[in-house]
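Each step along the sequence shown adds one to the number in our numbering, with nothing skipped, and position 59 is 502.
Glycine included, C-beta positions come from ideal geometry on N, C-alpha and C.
Here the structure is a predicted model, which is why all the values come from computation and not from measurement.
Notes follow once the structure below has been shown.
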Amino acid sequence: MANKGRVMGIDFGMRHIGVALSDELRITANGFETVNWNSIDWNWALDRIAQIVKEKNVTEIVIGKPIRTDGMESETQKKAELFGQELEKLVDISPSYKDERYTTVIASRMLHETNIKAKKQKSIIDQVAAEIILREYMEQHRL
444 MANKGRVMGI DFGMRHIGVA LSDELRITAN GFETVNWNSI DWNWALDRIA QIVKEKNVTE
504 IVIGKPIRTD GMESETQKKA ELFGQELEKL VDISPSYKDE RYTTVIASRM LHETNIKAKK
564 QKSIIDQVAA EIILREYMEQ HRL
């Protein structure tokens, strides 16, 4: 991991993209935003995430890649990789990828245990999943 700037975690989904950011010291990870897109045209989502990268001094990106248990490549996995390639063109940061096959389930369970209303849970679940991806990535890459 580079020593300066924030790390961004992305939970890529076919309708919602969860975004999480580390602090500048790379100690904590927090959900930041859910970017919605229509699964056909992701240009707005790419532009919004590129804007966050620039505004928040992001120097490293990790994208969750939903690896299937049978080893076959899923459509979402392919799109997550393509999304990462397109994002790299905009921000000049080569993303890392991390297996995220159960992060949304874990995020859902975590949110269910809170007193947050169901409607609010639905709006932040992708951010929480991105936070889990980012936290695990940061733990695996600590010096």
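Judged by DSSP in its simplified three-state form, Arg511 adopts coil rather than helix or strand. Nearest neighbour of Lys532 by Cα position, chosen from Asn479, Asn486 and Asp454, turns out to be Asn486. Here DSSP, grouped into helix, strand and coil, assigns Ile470 to coil. For a cut-off of 8 Å, the C-beta gap from Lys541 to Glu574 is around 13 Å, too long to register as a contact. Of Thr547, Arg552 and Glu556, the smallest CA-CA separation from Ile460 is found for Thr547.
Ile453 carries a strand assignment under DSSP once its states are collapsed to helix, strand and coil.
Straight-line spacing of the CA atoms in Met581 and Asp484 works out to 30 Å. Remark: C-beta atoms of Ile536 and Val496 approach each other more closely than 9 Å. Across the structure, Leu489 and Phe526 are spaced so that their CA atoms are roughly 8 Å apart. Glu574 carries a helical assignment under DSSP once its states are collapsed to helix, strand and coil. Shown here for Lys522: same chain residues with a beta carbon closer than 8 Å to its own, the five before and five after excluded, namely Phe455 and Met457 in chain order. Taken atom to atom, the span from the alpha-carbon of Ile506 to that of Glu556 is near 26 Å. Under DSSP, Leu464 takes part in a beta bridge, and its partners are Met451 and Asn473. From the listed residues Val462, Val571 and Arg585, the smallest Cα separation to Ile504 is found for Val462.
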